[in-house]
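Asker:
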Amino acid sequence: MTVPKGVSPSTVSVELSERSYDIHIEAGALDRAGDLLAPYAARGRFIVITDRNIVPNQLYRLESSLTAAAIASAVEVLPAGEATKSWTMLEKLTDALLAYGVERNDTIIALGGGVIGDLVGFAASILKRGCRFVQIPTTLLAQVDSSVGGKTAINSKAGKNLIGAFYQPVHVLIDPTTLDTLPQRELRAGYAEVVKYGLIDDPAFFAWCEDHGGKLLAGDRAARTHAITTSVQAKARIVGEDERETSGRRALLNLGHTFGHALEAETGFSDRLLHGEAVAAGMALAFRFSAMQGLCPPEDALRVTAHITAAGLPSSLRDAGISADGKTLVAHMMHDKKMEGGQLPFLLARGIGQTFLDKKVDLAKVEAFLNGERAQA
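Following our numbering, the numbering of the sequence shown begins with 15 at its first residue and continues without gaps.
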């Protein structure tokens with residue numbers, strides 16, 4: 015596949031000492047995966063894990079490239095959707111990998127979105143006490159966020175991503191052309207994570223999103239590649255500084271997630287509200303809550319809400335289809351894995367590009383704020 019004019023391949027490194035790895039970003043990279051990933055093909059094979067939504071458009075491209083490079087592959091296809099991040103599917107996947115005779119030096123490929131990446135990464139972390147895996151993210155959300163940084167997990171009845179491990183891939187291969195067949199709703203959901211990087215600490219990038227986000231969503235490949243590369247560079251830098259969220263720096267990546275996970279929990283972690291949609295609404299809520307507390311200029315909160323709405327994403331409880339009261343939503347938050355000493359940290363903002371971690375938020379104020387938001391629905 016020819017690389018589009020003005021869009022060159024790039025490599026971003028995640029610097030983690032002996033766990034360092036590269037992220038290769040290139041239009042058409044999936045069609046060259048056999049050559050690009052050959053160094054990781056122990057015993058001349060890969061074991062590819064994907065889901066049913068990926069099979070029609072992307073699996074053939076990967077298999078063809080592996081065949082052309084004389085690399086054998088076994089494929090395991092799982093159901094699509096958030097429900098796949100479960101104990102049941104984890105057991106099924108690990109049993110399948112053992113049946114394939116996987117060894118620690120084999121490489122497991124996660125081909126798909128965030129669900130596949132999270133599940134496969136966690137399975138790789140526990141199988142035989144750790145097997146190698148490669149991320150080939152095929153959704154915008156996975157390309158700019160979940161495939162980078164080594165967070166792997168499954169969901170439980172108590173909440174999202176509560177069972178997991180920090181476990182880094184050996185390589186990430188990102189091909190923006192996989193977005194060409196992505197449903198528009200999935201693309202918009204992933205765009206929320208792009209916007210997040212501007213809101214955290216890069217106001218110039220948020221302004222770029224305001225100017226070019228529409229082009230990205232409409233299919234402009236240069237805009238998509240720029241957004242992916244900028245986002246990955248930002249995440250790689252933060253992960254390199256704070257791999258396991260011990261200093262608080264990496265926690266900034268959770269902007270919108272505390273509110274967002276509560277919304278997801280209220281909808282049963284289902285397709286009623288996609289993760290990126292919940293994050294979008296969560297970011298808008300975080301900025302409006304910050305403004306209400308006198309931390310953030312109201313015009314910045316309005317600007318964030320306006321851009322999220324313009325991107326076709328939910329920016330309020332009503333938009334997200336949430337009718338629950340503040341008490342119910344705060345109760346969901348209490349299951350958040352970031353709870354520390356009975357206190358729930360919140361990512362708030364002093365303005366666009368000025369996100370900070372607040373560990374002393376009064377949950378009664380959060381509840382009152384959410385009730386106010388509900389009353390406006």
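Each residue gets a CB set at the ideal place from its N, CA and C atoms; glycine is no exception.
Under 6 Å Cβ to Cβ from L377, same chain only, skipping five residues before and after it: list those, please.
Answerer: If we look at L377 and ignore the five residues flanking it on each side, its Cβ neighbours are V344.
Asker: Would DSSP call R59 helix, strand or coil?
Answerer: R59: strand per DSSP, three-state reduction.
Asker: Select from R388, F360, T81 the residue whose C-alpha is nearest the C-alpha of Q307.
Answerer: Nearest C-alpha to Q307: F360.
Asker: Tell whether a beta-carbon distance below 7 Å holds between F161 and G131.
Answerer: Correcting the residue identity first, residue 161 is Ser in this sequence and not Phe. Yes.
Asker: Under the rule that 16 or more other beta-carbon atoms within 10 Å means buried, what is R143, buried or exposed?
Answerer: Exposed.
Asker: The alpha helix (DSSP H) with R235 in it runs from where to where?
Answerer: Segment 235 to 255, the alpha helix (DSSP H) holding R235.
Asker: Excluding sequence positions up to five away, which residues of its chain have a Cβ less than 7 Å from the Cβ of P190?
Answerer: So the qualifying residues of the chain are A41, R235, R238, T239, I242.
Asker: Buried or exposed for R46, going by 16 or more other Cβ atoms inside 10 Å?
Answerer: Classification of R46: buried, given that the 10 Å Cβ count is 16 or more.
Asker: Where do the ends of the beta strand (DSSP E) carrying P283 lie?
Answerer: It should be pointed out that residue 283 corresponds to Phe in this sequence rather than to Pro. Unbroken run through F283: none, as it is neither H nor E.
Asker: Less than 7 Å separating the beta-carbons of G290 and G356?
Answerer: Cβ distance not < 7 Å, so G290 and G356 don't count as in contact.
Asker: So, is D285 buried or exposed, given that buried needs 16 or more other C-beta atoms within 10 angstroms?
Answerer: Exposed, by the Cβ-count rule.
Asker: Starting from K165 and walking both ways along the beta strand (DSSP E), at which residues does that stretch end?
Answerer: Element bounds for K165: 165 to 170.
Asker: With DSSP as the reference, please indicate the residues paired to H38 in a beta bridge.
Answerer: Bridge partners of H38: T25, L187.
Asker: Following a CB-centred definition, is E255 positioned closer than 6 Å to any heavy atom of the ligand NAD?
Answerer: The model depicted lacks the ligand NAD and carries no ligand whatsoever.
Asker: Using the Cα positions of A334 and G128, report the straight-line distance between them to the nearest angstrom.
Answerer: The straight-line gap from Cα to Cα measures roughly 20 Å.
Asker: So, for S304: in the same chain, excluding its five sequence neighbours on each side, which residues have a beta-carbon less than 6 Å away from its beta-carbon?
Answerer: Here the set comprises C310, L362, A363.
Asker: Hey, out of A250, Q198, I252, R59, whose CA is closest to G228's CA?
Answerer: Ranking the options by Cα distance to G228, first place goes to Q198.
Asker: Taking all protein chains shown into account, decide if E278 is buried (16 or more other Cβ within 10 angstroms of its Cβ) or exposed.
Answerer: Buried, because 16 or more other Cβ atoms sit within 10 Å of the Cβ of E278.
Asker: Assuming A167 contacts F136 (C-beta within less than 8 Å), just tell me the rounded distance between them.
Answerer: Confirmed, about 6 Å.
Asker: Looking at L133: is its Cβ nearer than 7 Å to the Cβ of K99?
Answerer: Yes, the Cβ-Cβ distance between L133 and K99 is below 7 Å.
Asker: Mind checking which residues open and close the beta strand (DSSP E) that includes N175?
Answerer: Unbroken beta strand (DSSP E) run through N175: 173 to 180.
Asker: Taking a contact to mean a Cβ-Cβ separation below 7 Å, would you say V2 touches T121 in this structure?
Answerer: Summary: the structure shown does not reach residue 2, with the chain confined to residues 15 through 391, and so no result is reported for it.
Asker: Using the Cβ count rule (16 or more neighbours within 10 Å means buried), how would you classify M15?
Answerer: For M15, the predicted model reports a pLDDT of 34, less than 50, meaning its position is unreliable and no value from the coordinates is stated.
Asker: Shortest alpha-carbon distance to D225 belongs to which of D65, H321, H271?
Answerer: The option with the nearest alpha carbon to D225 is H321.
Asker: Quickly, what does DSSP pair I65 with across the bridge? List them, please.
Answerer: A small correction: the amino acid at residue 65 is Asp; Ile does not occupy that position in the sequence shown. D65 pairs with L92.
Asker: Ordered along the chain, which non-local residues of its own chain (more than five positions away) have a Cβ less than 7 Å from that of P328?
Answerer: Hits under 7 Å: E291, A294, A295, A334.
Asker: Should the segment 171 to 188 be called in touch with the segment 204 to 221, which here means at least 3 C-beta pairs below 8 Å?
Answerer: No, the segment 171 to 188 is not in contact with the segment 204 to 221.
Asker: Assuming A248 contacts D216 under a Cβ cut-off of 8 Å, what Cβ separation, rounded to an integer in Å, is found between them?
Answerer: About 7 Å; that satisfies the 8 Å criterion.
Asker: Can you tell which of G386, I61, G365, I252 has the C-alpha that lies nearest to the C-alpha of G164?
Answerer: Among G386, I61, G365, I252, the Cα nearest to that of G164 is on I252.
Asker: To the nearest angstrom, how far is it from the Cα of T195 to the Cα of N71?
Answerer: Those two C-alpha atoms are separated by around 7 Å.
Asker: Between I37 and V184, is the Cβ-Cβ spacing less than 7 Å?
Answerer: Cβ atoms of I37 and V184: not closer than 7 Å.
Asker: For a minimum of 4 consecutive residues, which ranges assigned as the alpha helix (DSSP H) are wholly contained in the segment 311 to 361?
Answerer: Those alpha helix (DSSP H) runs which fall completely within the segment 311 to 361 and span 4+ residues are 312 to 324, 340 to 347.
Asker: With the cut-off set at 7 Å, would you say E280 and A338 are in Cβ contact?
Answerer: Yes. Within cutoff.
Asker: Of all the options H271, I140, T152, L51, which has the alpha carbon lying nearest to the alpha carbon of D350?
Answerer: Among H271, I140, T152, L51, the Cα nearest to that of D350 belongs to H271.
Asker: Which partner residues does N122 have in the DSSP bridge list?
Answerer: Just to set this straight, residue 122 is Ile in the shown sequence, not Asn. The partner list for I122 (beta bridge, DSSP) reads I61, F147.
Asker: Quick check on the DSSP output: what are the complete beta strand (DSSP E) runs of length 3 or more inside the segment 195 to 234, in order along the chain?
Answerer: With a minimum length of 3 residues, no continuous beta strand (DSSP E) run stays inside the segment 195 to 234.
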